[in-house]
Amino acid sequence: MWLTYSLITLFIWGFWSILIKMALDHLSWQQLTLISTLAGLPAYVILFLYYRPSMSLSSPGFYPALLIGLVSPIALITNYLALSLGKISVVVPLIALYPVVTVALSIFLLGEKITIAQGAGVVFAALAIVLFSFS
941 MWLTYSLITL FIWGFWSILI KMALDHLSWQ QLTLISTLAG LPAYVILFLY
991 YRPSMSLSSP GFYPALLIGL VSPIALITNY LALSLGKISV VVPLIALYPV
1041 VTVALSIFLL GEKITIAQGA GVVFAALAIV LFSFS
């Protein structure tokens, strides 16, 4: 099922970036942030009311979840800014290289081990960043 969810996300995010660029042709990043956040709010309310998740400050996942809520808007806004200033064909692939950061952090913060092939993938992804910077 994870693959199905991953593919759905892939197509939604691909379409999402096009919609962002189209919206930014006519709106400021501030307007887009406000409109898109307010548009998504009912979905969060419905999910909360339907699932009624319990929340405990003592849960080990509470503070990471709180931090996600704090940094997500920053990532969203910087994404909007990048797309408002750059070409979508360069900005989106560059942002999509975030797994390089994730892999590095997983090694240092979570103690995960990576294979030589995975390490090579990270190196090639880092080289892609350099190549995209020449656009």
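What the sequence shown shows, in the numbering used here, is residues 941 to 1075, in sequence order.
Note that beta-carbon positions come from the ideal geometry of N, C-alpha and C, so glycine has one too.
Fair warning: this is a prediction, and the values are worked out from it, not measured in the lab.
Please state if the CB of residue j and the CB of residue i are separated by a distance shorter than 9 Å.
{"i": "V1062", "j": "V1040", "result": "yes"}
{"i": "L1016", "j": "S968", "result": "no"}
{"i": "L964", "j": "L972", "result": "yes"}
{"i": "S1156", "j": "I1069", "result": "Because the chain here runs from 941 to 1075, residue 1156 falls outside it and cannot be looked at."}
{"i": "A1060", "j": "L1037", "result": "no"}
Which stretch, first to last residue, makes up the alpha helix (DSSP H) that contains residue i?
{"i": "T1055", "result": "From DSSP, T1055 is part of no alpha helix (DSSP H); its letter is neither H nor E."}
{"i": "Y945", "result": "942–964"}
{"i": "F1002", "result": "1002–1025"}
{"i": "A1044", "result": "1039–1050"}
{"i": "S999", "result": "Counting along the chain, S999 falls outside any alpha helix (DSSP H), and DSSP gives it neither H nor E."}
Taking the C-alpha atoms as reference points, what is the distance between residue i and residue j?
{"i": "K961", "j": "Y1020", "result": "8 Å"}
{"i": "A1005", "j": "H966", "result": "33 Å"}
Tell me which same chain residues have a C-beta within less than 8 Å of the C-beta of residue i, skipping the five on either side of it?
{"i": "S996", "result": "F1002"}
{"i": "T949", "result": "none"}
If I measure Cβ to Cβ from residue i and keep anything under 7 Å in the same chain, skipping five residues before and after, which residues do I get?
{"i": "F1072", "result": "V1030, P1033, L1034"}
{"i": "S886", "result": "The structure shown does not extend to residue 886, since the chain is modelled only from 941 through 1075, so no value can be given for it."}
Can you list, in chain order, the residues of its chain whose CB lies under 6 Å from that of residue i, leaving out five sequence neighbours each side?
{"i": "V1043", "result": "V1062"}
Start-end ranges of the alpha helix (DSSP H) lying completely within the region 968–996, minimum 4 residues: Scanning the region 968–996 for uninterrupted alpha helix (DSSP H) segments of 4 residues or longer gives 969–991, listed from N- to C-terminal end.
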